[in-house]
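Number of protein chains: 2
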Amino acid sequence: MALLDLLGRRWILRILWELREEGLGFRGLQERCGRMSSSVLSQRLRDLANAGIVEQDAGGDYGLTAPGGRLLAALLPVYHWAEEWARSAGGARRKRTNSRPGVQR
Amino acid sequence: MALLDLLGRRWILRILWELREEGLGFRGLQERCGRMSSSVLSQRLRDLANAGIVEQDAGGDYGLTAPGGRLLAALLPVYHWAEEWARSAGGARRKRTNSRPGVQR
DNA sequence: CAGTATCCTGGACGATACTG
DNA sequence: CAGTATCGTCCAGGATACTG
Chain B
1 MALLDLLGRR
11 WILRILWELR
21 EEGLGFRGLQ
31 ERCGRMSSSV
41 LSQRLRDLAN
51 AGIVEQDAGG
61 DYGLTAPGGR
71 LLAALLPVYH
81 WAEEWARSAG
91 GARRKRTNSR
101 PGVQR
Chain F
1001 MALLDLLGRR
1011 WILRILWELR
1021 EEGLGFRGLQ
1031 ERCGRMSSSV
1041 LSQRLRDLAN
1051 AGIVEQDAGG
1061 DYGLTAPGGR
1071 LLAALLPVYH
1081 WAEEWARSAG
1091 GARRKRTNSR
1101 PGVQR
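Next comes the structure, spelled out in structure tokens:
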């Protein structure tokens, strides 16, 4: 279940999403992710690269590898479900959460 | 992207997986998850319930709601990819991670 | 068995400064 | 621009004791 752990780490899903259609450079990725810390981005990129999900092209840009692309494809239904969920349940339901409401961790 | 955050939280994917085919009681779930802390399980269950993904049946067992089932379905390709990934890349590749190798966070 | 209340600790994350 | 090194904070998660 190691991969699931990787996926669970903060920013990972976001990074994959941002790379869904085009390769991006370090800074480009960073700002698309709403200013995540460069140290963290660096770390994540290394992890993803070690996992063979992401790689750098000749120009230095980051992009998905073949397996990485397949992972993204597998993830699409989830991203989709997330949107839908946000639209429906997001409004209604939602009572006491006990955990703080925003993006935390 | 709130849901993605929820999914990213530790144990969540695991819990959904364990509920994939049958309802389970609190303790049952707990031990299937390799002894997660009861306090955490309680928290997670509450979060999942508030999100309308999980619910308790008359007998007190936890199970997926209809949308929860759909979420699980959307997740299947990912679980599958994870297995496959563990088999292939898990052995090869994998060099310096800088983060400790095991399940952490 | 089911679930809650507390306390404590590790390490993820953010900020920042710095190198090439 | 690309990436690394440091450092401090904070909180998620583990352990445990306890109630119904």
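Quick note, the sequences are listed as chains B and F, same order.
Residues in the first sequence are numbered from 1 upward in steps of one, following the numbering used here.
Residues in the second sequence are numbered from 1001 upward in steps of one, following the numbering used here.
Using N, Cα and C, we set each Cβ at its ideal position, and we do this for glycine too.
Because the structure is a prediction, the values reported are computed rather than measured.
Other residues of its chain near M36/B: CB distance less than 7 Å, five sequence neighbours each side excluded: W11, Q30
Beta-carbon proximity check, L24/B vs L72/B, cutoff 8 Å: no
Between the CA atoms of L13/B and I53/B - distance to the nearest angstrom: 12 Å
Boundaries of the beta strand (DSSP E) in which E1022/F is found, first to last residue: That residue, E1022/F, is in no beta strand (DSSP E); it is neither H nor E in DSSP.
Chain B contacts made by the segment 1051-1082 of chain F, where a contact means CB separation under 9 Å: A1051, G1052, I1053, P1067, R1070, L1071, A1073, A1074, L1075, L1076, P1077, V1078, Y1079, H1080, W1081, A1082
Burial state of R1009/F, where buried means 16 or more other Cβ atoms lie within 10 Å: buried
Neighbour flag for G25/B against chain F, beta carbons, 8 Å: no
Neighbour-count burial assignment, A106/B, 16 or more Cβ in a 10 Å radius: With chain B covering 1 to 105 only, the question about residue 106/B has no answer from this structure.
Bridge partners - E55/B, DSSP secondary structure assignment: G63/B
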